[in-house]
Ligand code: F6R
């Protein structure tokens with residue numbers, strides 16, 4: 026495990042973006058595992074800037090996102106498909122057909138989970154998996170539980186997660202209660218994992234991830250077993266870590 030210490034959110038974003046940038050330089054047709062949420066927004070902003078400056082080429086890149094809300098269609102402003110289109114895909118030269126997210130509107134969600142695993146299998150292993158960290162230690166929407174779930178599955182979101190994510194929704198708008206999420210297996214089979222963490226509210230979860238023990242009650246703690254884990258965290262997030 027390598028821990029890269031960043032001064033603040035901006036510094037964390039720059040350092041994490043530079044790792045993705047390097048990955049894309051090293052392998053033009055990289056398969057990137059991507060996350061959504063507040064933490065990674067700054068990273069995507071920098072990648073878009075680098076693209077505009079002619080430094081990055083997404084034309085052969087393929088992406089697999091971690092998750093999608095159940096019940097939201099791709100055009101819904103809070104869907105993760107919309108988030109990715111708006112914050113990255115529509116701003117760079119990636120081919121839309123090379124971008125994959127689970128379909129939260131699938132009639133048969135079990136089938137959709139199986140199909141997403143098959144897509145991951147065909148494209149994988151993921152070269153670099155970008156992850157944020159939930160306040161409760163979740164990765165993707167693998168929420169605290171009594172076991173790790175290997176494969177793509179539908180997950181009912183914990184109250185803390187629903188509360189945390191409500192900040193992205195309009196007042197009075199209902200936050201979806203469940204999501205389809207990639208399981209732990211493809212994350213652990215990724216050639217490298219880049220965990221981006223910022224802010225005091227993540228400090229406890231980050232400490233549990235970095236110091237262990239590995240337990241499904243802190244899903245991110247499994248990352249301690251990954252051979253090529255890179256953690257980029259700012260000083261606030263690292264406040265409980267020696
Ligand atoms: C989203 C995802 C989640 C977030 C996590 C942190 O695709 O996989 O695990 O990374 O909830 O979210 P933020 O960055 O908004 O605190």
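In this note's numbering, the protein residues as written are 26 to 267.
The C-beta atom is built at its ideal place from N, Cα and C for all residues, glycine as well.
So does residue i have its beta carbon nearer than 6 Å to some heavy atom of the ligand F6R?
i, result
"residue 60", "yes"
"residue 208", "no"
"residue 129", "no"
"residue 110", "no"
"residue 33", "no"
"residue 124", "no"
"residue 64", "yes"
"residue 133", "no"
"residue 57", "no"
"residue 91", "yes"
"residue 165", "yes"
"residue 159", "yes"
Span of the alpha helix (DSSP H) holding residue i?
i, result
"residue 131", "Note, residue 131: premise wrong, no alpha helix (DSSP H); not H, not E."
"residue 103", "Per DSSP, residue 103 belongs to no alpha helix (DSSP H) and is neither H nor E."
"residue 234", "228–236"
Over what stretch of residues does the beta strand (DSSP E) that includes residue i continue unbroken?
i, result
"residue 67", "Careful: residue 67 lies outside any beta strand (DSSP E), inside the alpha helix (DSSP H) at 66–77."
"residue 80", "No beta strand (DSSP E) contains residue 80, which DSSP labels as neither H nor E."
"residue 90", "87–90"
"residue 3", "The structure shown does not extend to residue 3, since the chain spans only 26 to 267, so no value can be given for it."
"residue 30", "27–31"
"residue 262", "Run containing residue 262: none; DSSP gives neither H nor E here."
"residue 149", "That residue, residue 149, is in no beta strand (DSSP E); it is neither H nor E in DSSP."
"residue 117", "Segment: none, residue 117 is in no beta strand (DSSP E) and carries neither H nor E."
"residue 58", "56–59"
Rounded C-beta distance between residue i and residue j? I'm assuming under 8 Å.
i, j, result
"residue 92", "residue 205", "6 Å"
"residue 65", "residue 165", "About 12 Å separates the two Cβ atoms, so there is no contact after all."
"residue 266", "residue 210", "The Cβ separation is near 27 Å, so there is no contact."
"residue 167", "residue 208", "7 Å"
"residue 177", "residue 127", "7 Å"
"residue 318", "residue 161", "The chain is shown only over 26 to 267; residue 318 falls outside these bounds and no answer can be derived."
* What are the uninterrupted segments assigned as beta strand (DSSP E) that are 3 or more residues long and contained completely in the stretch 174–220, given in chain order? -> Runs of the beta strand (DSSP E) inside the stretch 174–220: 178–181, 203–206.
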